[in-house]
Structures are given as structure tokens and as C-alpha cells.
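**Student:**
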Amino acid sequence: MDLEKLQLTGVEEKRPLVIAGPCSAETEDQVMETAKELSKNGVKVFRAGIWKPRTKPGGFEGNGVVALPWMQQVKKETGMLTATEVATAKHVEEALKYDIDLLWIGARTTADPFAVQEIADTLKGVDIPVLIKNPVNPDLELWIGALQRLNFAGIKRLGAIHRGFSSYDKKLYRNLPQWHIPIELHRRIPELPIICDPSHIAGRRDLIATLCQQAMDLQFDGLIIESHSDPDHAWSDASQQVTPDVLSLILNNLVIRETSQTTENLSELRKQIDEIDINLTEILAKRMRISKEIGIYKKEHDMPILQTSRYDEIIHKRVQEGMAMEMGEEFLKSIFEAIHSESVRQQMMIINK
Numbered sequence: 056m057d058l059e060k061l062q063l064t065g066v067e068e069k070r071p072l073v074i075a076g077p078c079s080a081e082t083e084d085q086v087m088e089t090a091k092e093l094s095k096n097g098v099k100v101f102r103a104g105i106w107k108p109r110t111k112p113g114g115f116e117g118n119g120v121v122a123l124p125w126m127q128q129v130k131k132e133t134g135m136l137t138a139t140e141v142a143t144a145k146h147v148e149e150a151l152k153y154d155i156d157l158l159w160i161g162a163r164t165t166a167d168p169f170a171v172q173e174i175a176d177t178l179k180g181v182d183i184p185v186l187i188k189n190p191v192n193p194d195l196e197l198w199i200g201a202l203q204r205l206n207f208a209g210i211k212r213l214g215a216i217h218r219g220f221s222s223y224d225k226k227l228y229r230n231l232p233q234w235h236i237p238i239e240l241h242r243r244i245p246e247l248p249i250i251c252d253p254s255h256i257a258g259r260r261d262l263i264a265t266l267c268q269q270a271m272d273l274q275f276d277g278l279i280i281e282s283h284s285d286p287d288h289a290w291s292d293a294s295q296q297v298t299p300d301v302l303s304l305i306l307n308n309l310v311i312r313e314t315s316q317t318t319e320n321l322s323e324l325r326k327q328i329d330e331i332d333i334n335l336t337e338i339l340a341k342r343m344r345i346s347k348e349i350g351i352y353k354k355e356h357d358m359p360i361l362q363t364s365r366y367d368e369i370i371h372k373r374v375q376e377g378m379a380m381e382m383g384e385e386f387l388k389s390i391f392e393a394i395h396s397e398s399v400r401q402q403m404m405i406i407n408k
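Shown next, in the form of C-alpha cells:
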């Protein structure tokens, strides 16, 4: 891709670039109070949601154009740059009319090539930095495709936002980090700045500090964090927002490791292994939950636990599939025999209750 530095006027070029502000621009007072507190703590880029379509209708969906003059006032009174999410050509036109300095495209929009192309077409001939969040599902090619659409439209100051990926099974995080995906994005497009969105990955404010440090350890370029002057009473996503003072504490405690990336530096690869191991454990736990459901069914229908033909089928098929992926036969047999043994144990516990 033909990219330039993601330079922002008046913002020092150092890691991390920090973009902060409330999930939604609720009232003029709330916007100004939060912006002034963030500015006092050294934040240079103020973000706020102007248009906020929610997963389900009925919640607060943003004030729309009414809130854009508030963003102008933030610039006037604090000198901060302003940023907001756009999802349609009309959003882009209105944001530019009110001198928004940075735009980002949200996860749901990234997943829709038609919507991304519409935004790209509207931005032709405009020199403005644009950040693109990963799509809702873990689809790297779709993410890269969205970046390419903007780049082909002439946008040179591009960046990516990693906000995690949706999962049916909710675990510790609101959205699974799956760090290996943005790491692969960096490998494919090394000149592309990648910014972490710990607020949307976490879904809980108590996890944000740890995620910020992980992002820095993985050499992310910046952070986009939801911060609200009164987060407990926020009109949207209250649980994942922090006060400006808490944000300042998080940022001041970050350890920024400026390491050169060489073949001897194994930290990124080890981080990927840690992430995959967590995913493996969660997948195994999900498999055991299904085994328990099968155990309940067998108990209700007086069926024996061990189904020999099914066991043979699993071992044979999985070993053949794994060998096609260049894994050893004995290794695969031992893994699936152990998994089957644990499944039987889980079902025995249910049968014998």
C-alpha cells in the first residue's frame, strides 16, 4: 500500500499515540468537562461517538449532527484534535463540514465492503487520517480489503484499530483479543500503524490497564480508550469507560519497551503461543460442555457411555486430518485419546449422579 506517516498536527510522534474520550457525545457539558479533564492530563486527541447505532434498537444511538458543534468547541477551548466514527457518506460529509480531524470506521462497517466503498468514494481528494477497526469476525482479508479501498481512494494516512473479535461464547473479554491476527496484519503491512482499543476488547474497566500493557509489549503504535467524566452514568457502554484521572494513571504506569525486531527476538511469537494456548483451553472446555450434554441424553435414554464405532471414527478421521497438516501420527493419537478419555470421565460423572 502507498502509505504516509500517520502524522497529526500538534501531536508528538512517540508511542503510544493516545486517543481518548467518551463512547458517546451525550450533552455539551459532558463533552466539554471530559475534554478539559483529558487535555489537562496531556491527551491531544479527543474522541466521541456522534452516531451510535446499537446492536438492538431502543438504546441511545447518539445525538447526530447536533453534537458536532460541541466537538468544534472542544478544539476551540482546549486545542485538542477531534475524532469520530463514520459509517455512511452522509456522516463523512457532516464530519468534514465541522472540521473533524480524524475519522474511524467501526467494526460492523468494516465488515460491509459496500459501506466501506461508499465512504472511500466520499473521501476521494480529501487529506485526512482514517483508522479502520477490524471486522466483527476474525477475517484478516476483509480487514486488509477495507484498508485497500481507502488507500485506492487516495487516503495515505491510514491506520488500523484492533478492537477484538466477537464470539458466541462470552469469556473473560467482551471481544476476544486474538493477538495473532493484528500481528499477522503487521507482518503483511509493516508500515501500517496499529492502534489497540482495550475498551472494546475488555468490556470492563478493570481489564483495560493490562490490555494496554499487552498492546505496548506487542509494539502497537497507540491506544484508543473510552474515557468519561462520570462513567457510571454514561448513556452507552458505561462498564468499559474510565475517568480521565484513571486513564492518566494507566498511561503513566505503562512500560514502553523500544526493542528492535530481529529474528532473535521471540517475544511476539511467544505472545502468539500464549494466546493460542488460551484459545485451546477454551475450546476444550466448550467440547467438554457438549460431552456433558451428550451424557445427559445417554442417561435419559439408557444408552451406554462408550460408543466404540464413534470413538474409532473420531480417532481415525482426526489423525488423518492432522497428518495432512504435517503433525505426527503418534502425537495426534495421544491427544485425541486423552480428549476422549476426559469426555468419558465427564459423562461417567453425570451417569453416576
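Counting from 56, one number per residue, gives the positions in the sequence shown under this note's numbering.
A virtual CB, placed ideally from N, CA and C, is assigned to each residue, including glycine.
Look at the alpha carbon of residue 61 and the alpha carbon of residue 176, and state the distance between them as a whole number of angstroms.
**Tutor:** Position 6 of the sequence shown holds residue 61. Position 121 of the sequence shown holds residue 176. Approximately 20 angstroms, taken between the alpha carbons.
**Student:** Is it true that the region 325-338 meets the region 375-385, where meeting means three or more beta-carbon pairs spaced less than 8 angstroms apart?
**Tutor:** Not touching, per the Cβ criterion.
**Student:** Would the region 229-236 count as touching the region 175-195 if we require 3 or more Cβ pairs under 8 angstroms?
**Tutor:** Taking 8 angstroms as the limit for Cβ pairs, the verdict is that the region 175-195 does touch the region 229-236.
**Student:** Should residue 16 go down as buried or exposed, given a rule of 16 or more other Cβ atoms within 10 Å for buried?
**Tutor:** One cannot answer for residue 16 here, as it falls past the ends of the chain, which runs 56 to 408.
**Student:** Tell me which residues share the same chain as residue 374 and place their Cβ nearer than 8 angstroms to its Cβ, disregarding the 5 neighbours each side in the sequence.
**Tutor:** As a position in the sequence shown, residue 374 is number 319, starting the count at 1. Within the same chain, residue 374 has close Cβ partners 384, 387, 388 and 391.
**Student:** For residue 336, which of helix, strand or coil comes out of DSSP?
**Tutor:** Counting from one through the sequence shown, the residue named residue 336 turns up at place 281. Correct three-state label for residue 336: helix.
**Student:** Quick check on residue 188: does DSSP put it in helix, strand or coil?
**Tutor:** Residue mapping note: residue 188 aligns to position 133 of the sequence shown, counting from 1. Residue state, collapsed to three classes: strand.
**Student:** Consult DSSP for residue 310 and reduce its assignment to one of helix, strand or coil.
**Tutor:** In the sequence shown, residue 310 corresponds to position 255, counting from 1. Coil at residue 310, not helix or strand.
**Student:** In whole angstroms, what is the alpha-carbon distance linking residue 148 and residue 325?
**Tutor:** Within the sequence shown, residue 148 is the residue found at index 93, counting from 1. Within the sequence shown, residue 325 is the residue found at index 270, counting from 1. Cα-Cα distance, rounded: 44 angstroms.
**Student:** I need the DSSP call for residue 159, collapsed to helix, strand or coil.
**Tutor:** Walking along the sequence shown from the start, residue 159 turns up at place 104. It is a strand residue.
**Student:** Spatial neighbours of residue 323 within its chain, please: C-beta separation below 8 angstroms, excluding the five flanking residues on both sides.
**Tutor:** The residue you call residue 323 lines up with position 268 of the sequence shown. The answer, listed in chain order, is 238, 273, 274 and 316.
**Student:** Would DSSP call residue 105 helix, strand or coil?
**Tutor:** Against the sequence shown, residue 105 aligns to sequence position 50. In this structure, residue 105 counts as coil in the three-state DSSP scheme.
**Student:** Which residues mark the beginning and the end of the beta strand (DSSP E) in which residue 75 is found?
**Tutor:** For this step, residue 75 is matched to residue 20 along the sequence shown. Counting along the chain, the beta strand (DSSP E) containing residue 75 begins and ends at 72-76.
**Student:** Within the chosen definition, does the region 252-269 reach the region 291-305 through at least 3 CB pairs nearer than 8 angstroms?
**Tutor:** The region 252-269 vs the region 291-305: in contact.
**Student:** Using the rule of at least 16 other Cβ atoms within 10 Å of the residue's Cβ for burial, across every protein chain shown, is residue 427 buried or exposed?
**Tutor:** The question about residue 427 has no answer here: the residues shown for the chain are numbered 56 through 408.
**Student:** Taking residue 256 as the reference, which of 288, 162 and 338 has the closest Cα?
**Tutor:** If you number the sequence shown from 1, residue 256 lands on position 201. Answer by Cα proximity: 162.
**Student:** Which residue or residues does DSSP assign as beta-bridge partners of residue 249?
**Tutor:** Position 194 of the sequence shown, counting from 1, holds the residue named residue 249. Partner(s): 215.
**Student:** Under a Cβ-count criterion, where at least 16 other Cβ atoms within 10 Å of its own Cβ denotes burial, should residue 69 be classed as buried or exposed?
**Tutor:** Position 14 of the sequence shown, counting from 1, holds the residue named residue 69. Exposed.
**Student:** Name the residue from 108, 129, 72 and 116 whose alpha carbon lies nearest to the alpha carbon of residue 84.
**Tutor:** To locate residue 84, count along the sequence shown from 1; it is residue 29. Checking every option, the nearest Cα to that of residue 84 belongs to 129.
**Student:** Using DSSP with H/G/I as helix, E/B as strand and the rest coil, what is residue 360?
**Tutor:** The sequence position of residue 360 within the sequence shown is 305, counting from 1. Three-state result, residue 360: coil.
**Student:** What does the alpha-carbon distance come out to for the pair residue 248 and residue 351?
**Tutor:** Position 193 of the sequence shown, counted from the start, is the residue given in the question as residue 248. Position 296 of the sequence shown, counted from the start, is the residue given in the question as residue 351. If you take the alpha carbons of residue 248 and residue 351, they lie about 50 angstroms apart.
**Student:** Shortest alpha-carbon distance to residue 93 belongs to which of 395, 362, 369 and 306?
**Tutor:** Counted from its first residue, the sequence shown places residue 93 at position 38. Nearest C-alpha to residue 93: 306.
**Student:** Which residue's Cα is closest to the Cα of residue 340: 397, 241, 229 and 286?
**Tutor:** Within the sequence shown, numbered from 1, the residue matching residue 340 stands at position 285. It is 397 whose Cα lies nearest to the Cα of residue 340.
**Student:** How far does the beta strand (DSSP E) with residue 279 in it extend, from its first residue to its last?
**Tutor:** Against the sequence shown, residue 279 aligns to sequence position 224. Per DSSP, residue 279 belongs to the beta strand (DSSP E) from 277-281.
**Student:** Exposed or buried, what is residue 276 when buried is set at 16 or more other beta-carbons lying within 10 Å of its beta-carbon?
**Tutor:** Start at 1 with the first residue of the sequence shown, and residue 276 comes out as number 221. By the 10 Å Cβ count, residue 276 comes out buried.
**Student:** Is it the case that the Cβ atoms of residue 165 and residue 201 are separated by a distance below 9 angstroms?
**Tutor:** As a first step, residue 165 must be located in the sequence shown, where it is residue number 110. As a first step, residue 201 must be located in the sequence shown, where it is residue number 146. Closer than 9 angstroms, so yes.
**Student:** Spatial neighbours of residue 370 within its chain, please: CB distance less than 6 angstroms, with the 5 preceding and 5 following residues excluded, ordered by chain position.
**Tutor:** Residue 370 sits at position 315 when you count from the first residue of the sequence shown. Once the five neighbours on either side are set aside, the close Cβ partners of residue 370 are 391.
**Student:** Is residue 282 near residue 80, with beta carbons less than 9 angstroms apart?
**Tutor:** The residue given as residue 282 occupies position 227 in the sequence shown. The residue given as residue 80 occupies position 25 in the sequence shown. Going by C-beta atoms, residue 282 is not nearer than 9 angstroms to residue 80.
**Student:** CB residue 172 to CB residue 204, shorter than 9 angstroms?
**Tutor:** Indexing the sequence shown from 1 puts residue 172 at position 117. Indexing the sequence shown from 1 puts residue 204 at position 149. Yes; because the gap between Cβ atoms is below 9 angstroms, this pair is in contact.
**Student:** In three-state terms, what does DSSP make of residue 98?
**Tutor:** For the purposes of this step, residue 98 is identified with residue 43 of the sequence shown, where counting begins at 1. Three-state DSSP puts residue 98 in coil, outside helix and strand.
**Student:** For the beta strand (DSSP E) containing residue 393, name the first residue and the last one.
**Tutor:** Taking the sequence shown and counting its residues from 1, one reaches residue 393 at position 338. Run containing residue 393: none in the beta strand (DSSP E); it sits in the alpha helix (DSSP H), 384-406.
**Student:** Counting only the same chain and skipping the five closest in sequence on each side, list residues whose C-beta sits under 8 angstroms from that of residue 59.
**Tutor:** Taking the first residue of the sequence shown as position 1, residue 59 is located at position 4. The residues are 211 and 212.
**Student:** Specify the secondary structure class of residue 294 as computed by DSSP and reduced to three states.
**Tutor:** In the sequence shown, residue 294 corresponds to position 239, counting from 1. Reduced to three states, the DSSP call for residue 294 is helix.
**Student:** Taking the beta strand (DSSP E) that residue 136 falls in, what are its first and last residues?
**Tutor:** In the sequence shown, counting from the first residue as 1, residue 136 sits at position 81. That run of the beta strand (DSSP E) goes 136-140.
**Student:** Return the residue from the list 242, 253 and 246 that minimises the CA-CA distance to residue 220.
**Tutor:** Here the question's residue 220 lines up with position 165 in the sequence shown. Measuring from the Cα of residue 220, the nearest candidate turns out to be 253.
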